[in-house]
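J.:
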Amino acid sequence: MPELPEVEIARRSLERWLVGRPIARASATPGKPLRGLTPAEVSRALSGRTVRRVERRGKHLLWDLGAGQGAHLHLGMTGKLVRREGKEPAPPYARVSLDLSDGSRVHLVDPRRFGRFELGPLDALRASPTLRELGPDAWDEAPTAELLRERLAGSRREIKVSLLDQRRIAGLGNIQASESLFRARLSPFARADELSPADWRRLAKGIHDALSYALGAEGKGARDRDIRYVEEPGAPNPFLVYGRAGEPCPRCGGPIRQEVQRQRSTYLCPVCQPGPAPGKR
Ligand SMILES: [Zn+2]
Numbered sequence: 189m190p191e192l193p194e195v196e197i198a199r200r201s202l203e204r205w206l207v208g209r210p211i212a213r214a215s216a217t218p219g220k221p222l223r224g225l226t227p228a229e230v231s232r233a234l235s236g237r238t239v240r241r242v243e244r245r246g247k248h249l250l251w252d253l254g255a256g257q258g259a260h261l262h263l264g265m266t267g268k269l270v271r272r273e274g275k276e277p278a279p280p281y282a283r284v285s286l287d288l289s290d291g292s293r294v295h296l297v298d299p300r301r302f303g304r305f306e307l308g309p310l311d312a313l314r315a316s317p318t319l320r321e322l323g324p325d326a327w328d329e330a331p332t333a334e335l336l337r338e339r340l341a342g343s344r345r346e347i348k349v350s351l352l353d354q355r356r357i358a359g360l361g362n363i364q365a366s367e368s369l370f371r372a373r374l375s376p377f378a379r380a381d382e383l384s385p386a387d388w389r390r391l392a393k394g395i396h397d398a399l400s401y402a403l404g405a406e407g408k409g410a411r412d413r414d415i416r417y418v419e420e421p422g423a424p425n426p427f428l429v430y431g432r433a434g435e436p437c438p439r440c441g442g443p444i445r446q447e448v449q450r451q452r453s454t455y456l457c458p459v460c461q462p463g464p465a466p467g468k469r
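Following this note's numbering, the residues of the sequence shown are numbered contiguously, the last one being 469.
So this is what it looks like as structure tokens:
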């Protein structure tokens, strides 16, 4: 599932693929990702426009289409963007396809259709509740220990649950929250209101290091046509603890444990990340 690093790589790729290349024609297949827009409306809104820039807020992308118009893209669970030459067939599950003036085509592919592609005035899209309620960006706003404490310490929730709340801090998902907490040597089950100043400092560094590492790893995978997520089946696992149940901890050598937290898997080293046992609160 795309998290901040994947969405940031998608943003950079979209800018490379779309900016300065007018959209000659756009097409779409009707369905949930379009949130009520018809394919004809998508085509009308995009044909003849040129993307000026692509902004990222947390896991959301905003396209500036000029003349005050824009698009909001959220990749959902399985969304991704691919670029093809004009004569190549559209990939399976293409939901929106853009034919660019240089003959290339960019497709939004979304097998499970949990993504979202909306069009409208850019200001209105920016002001929509989903985007307006996002907390500070976990990468662009380089959250400090102080900012994290301010955003997260007011809650008795477990720290990993708070890190996943996009209204408190935007961009982290299950993988990056697990990786950040391992780097910070904090248990995912530690209570947010019980962390010390030193804990917040290690968490700020942990988030920065986890995202910086993932952006590097994702960047290497991004060839100029497909954005390949590092967590795809068959790809080597680049993470320190995520998806590594039973494997040795890279710090102490003890076994990594997989636990369930709010119906999702979380991975930790119980020696390096000591804290309350799951479910004991
Ligand atoms: Zn360990």
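Yeah, the Cβ is synthetic: ideal placement off N, Cα and C, and Gly gets one too.
#1: Tell me, please, which residues DSSP counts as bridged to S453.
#2: Counting along the chain, where does the beta strand (DSSP E) carrying P384 start and finish?
#3: Using the three-state DSSP reduction, which class does R390 fall into: helix, strand or coil?
#4: From this set, L202, V429, A365, G394, which residue's C-alpha is nearest R241's C-alpha?
#5: On a Cα-Cα basis, can you pick out the residue from G254, T318, R355 that is closest to I211?
#6: Quick one: what's got a C-beta closer than 6 Å to Q451's C-beta in the same chain, skipping five residues either side?
#7: Please classify L225: does DSSP put it in a helix, a strand, or coil?
#8: Relative to the C-alpha of L336, which candidate in A358, L319, R244, Y401 has its C-alpha closest?
#9: Which one or two residues does DSSP pair with D252 in a beta bridge?
#10: Can you tell me the Cα-Cα spacing of L369 and M189, whole angstroms?
#11: Would the beta-carbon of Q257 fall within 9 Å of that of A282?
#12: From G264 to L307, what does the alpha carbon distance come to, in whole angstroms?
#13: Mind checking C440: buried by the 16 CB within 10 Å criterion, or exposed?
#14: For R555, does the count of other Cβ atoms within 10 angstroms reach 16, so buried, or fall short, so exposed?
#15: Once you ignore the five residues that flank R469 on each side, which residues in its own chain have a CB closer than 8 Å to its CB?
#16: Is L399 closer than 9 Å to L192 when the C-beta atoms are compared?
#17: Do S289 and R272 have their beta-carbon atoms positioned less than 9 Å apart in this structure?
#18: Could you give the C-beta distance for D298 and T266, rounded to a whole number, given that I count them as a contact under 8 Å?
#19: Could you spell out the range, first to last residue, of the alpha helix (DSSP H) harbouring I197?
#20: Once DSSP output is grouped into helix, strand and coil, what is the label at R469?
T.: Taking the definition as stated:
#1: DSSP, once it has assigned bridges, lists V448 as partnering S453.
#2: Sequence check: residue 384 is Ser here, not Pro. Looking at the DSSP string, S384 is not in any beta strand (DSSP E), and its letter there is neither H nor E.
#3: Three-state DSSP puts R390 in a helix.
#4: Ranking L202, V429, A365, G394 by CA distance to the CA of R241 puts L202 first.
#5: Across the set G254, T318, R355, the C-alpha of G254 shows the shortest separation from the C-alpha of I211.
#6: Apart from sequence neighbours up to five positions away, no residue of its chain approaches Q451 with a beta-carbon distance below 6 Å.
#7: Looking at L225 - three-state DSSP - the assignment turns out to be coil, as it is neither helix nor strand.
#8: Distance check between L336 and each of A358, L319, R244, Y401 places A358 closest, using alpha-carbon atoms only.
#9: D252 is bridged to R241, G258.
#10: Computed Cα separation, rounded: 19 Å.
#11: Going by C-beta atoms, Q257 is not nearer than 9 Å to A282.
#12: Approximately 17 Å, taken between the alpha carbons.
#13: Burial is judged here by how many other beta carbons sit within 10 angstroms of a residue's own beta carbon; C440 has fewer than 16 and is exposed.
#14: Nothing can be reported for residue 555: it is not among the residues displayed for the chain, which extend from 189 to 469.
#15: Model confidence at R469 stands at a pLDDT of 49, short of 50, so the residue's coordinates are unreliable and nothing is read from them.
#16: Contact: yes.
#17: At the C-beta level, R272 and S289 stay beyond 9 Å of one another.
#18: A Cβ-Cβ distance of about 6 Å is found for the pair D298 and T266, placing them in contact under the 8 Å criterion.
#19: Residues 192-206.
#20: At R469, the pLDDT of 49 sits below 50, so the modelled position is not reliable; the number obtained from the coordinates is stated separately. If DSSP states are grouped into helix, strand and coil, R469 belongs with coil.
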